[in-house]
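Data block below; observations after.
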Amino acid sequence: MRVDFYHLQKQILDDVLPKLLEKAYSTGKKIKVKVGTEQRVDFLNSLLWTYNEESFLPHGSKKDANAELQPIWLSDDENNPNRAEFLFLVDGATETPDVLETFERVFNIFDGNSNEALNKAREFWKQLKSANAELHYWQQSNDGRWSEK
Numbered sequence: 003m004r005v006d007f008y009h010l011q012k013q014i015l016d017d018v019l020p021k022l023l024e025k026a027y028s029t030g031k032k033i034k035v036k037v038g039t040e041q042r043v044d045f046l047n048s049l050l051w052t053y054n055e056e057s058f059l060p061h062g063s064k065k066d067a068n069a070e071l072q073p074i075w076l077s078d079d080e081n082n083p084n085r086a087e088f089l090f091l092v093d094g095a096t097e098t099p100d101v102l103e104t105f106e107r108v109f110n111i112f113d114g115n116s117n118e119a120l121n122k123a124r125e126f127w128k129q130l131k132s133a134n135a136e137l138h139y140w141q142q143s144n145d146g147r148w149s150e151k
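Everything in the sequence shown is counted per the numbering used here, starting at 3 for the first residue and increasing by one.
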């Protein structure tokens with residue numbers, strides 16, 4: 003199992019997530035975005051419709067029909083109705099290593115400006131390391147680009 007940790011420092015999730023989802027969507031893989039609360043699902047659902055007038059990321063949540071047809075699924079639970087191969091964990095959402103094993107790739111995006119989020123990410127890293135996950139750590143440079151550390 004491969005897990006990529008994205009340490010936000012220069013930008014907020016609302017600016018970074020759509021760009022990362024565009025890149026993941028371009029692979030043709032189905033994606034699930036797990037967030038902390040249903041309220042955040044609703045917010046991200048709106049954000050993905052409006053973040054860029056020139057882009058379109060097809061997505062849905064449990065308020066939409068045909069979950070199995072959605073290329074990007076937004077949720078606050080552990081179900082995977084669109085049979086996603088990629089999992090994005092945001093807003094402190096986590097999963098057990100057993101659940102993570104069902105995905106080809108996992109992206110854990112956390113706010114490095116929050117001590118709580120940083121500590122939670124460190125604990126998650128330790129848990130996954132002990133489960134022998136393939137771990138990658140990405141940090142933003144001053145220009146907002148990602149570099150692996």
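Ideal Cβ placement from N, Cα and C applies to all residues, glycine included.
- Per DSSP, aspartate 6 forms a beta bridge with which residues? DSSP lists Phe109 and His138 as partners of aspartate 6.
My assumption, with CB atoms under 8 Å, is that asparagine 134 sits in contact with alanine 123. Please give the rounded CB distance. Going by Cβ atoms, the distance from asparagine 134 to alanine 123 rounds to 19 Å, so no, they are not a contact pair.
Checklist entry - What is the rounded straight-line gap between the Cα of tyrosine 139 and the Cα of tryptophan 51? => result Each residue's CA atom was taken as its position, placing tyrosine 139 and tryptophan 51 some 29 Å apart.
Item checked: With 16 other Cβ atoms within 10 Å as the buried cut-off, status of asparagine 84 -> Around the beta carbon of asparagine 84, a 10 Å sphere encloses 16 or more other beta carbons of the protein chains shown; the residue is thus reported as buried.
| message | Am I right that alanine 69 and tryptophan 75 are in contact with their C-beta atoms under 8 Å? What's the rounded C-beta distance? | response | The C-beta separation of alanine 69 from tryptophan 75 comes to about 6 Å, placing the pair in contact by the 8 Å criterion.
| field | Runs of beta strand (DSSP E) wholly within the segment 38-87 (minimum 3 residues, chain order) | value | As far as the segment 38-87 is concerned, its whole beta strand (DSSP E) runs of at least 3 residues are 74-77.
What's the gap between the Cα of glutamate 118 and the Cα of proline 60?
-> Cα-Cα distance, rounded: 32 Å.
Query raised in the report: From which residue to which residue does the alpha helix (DSSP H) around serine 132 run?
Result: DSSP places serine 132 in the uninterrupted alpha helix (DSSP H) bounded by 117-132.
Item to check | threonine 39 versus aspartate 16: straight-line alpha-carbon distance, rounded | outcome: Rounded to the nearest angstrom, the gap between the Cα atoms of threonine 39 and aspartate 16 is 15 Å.
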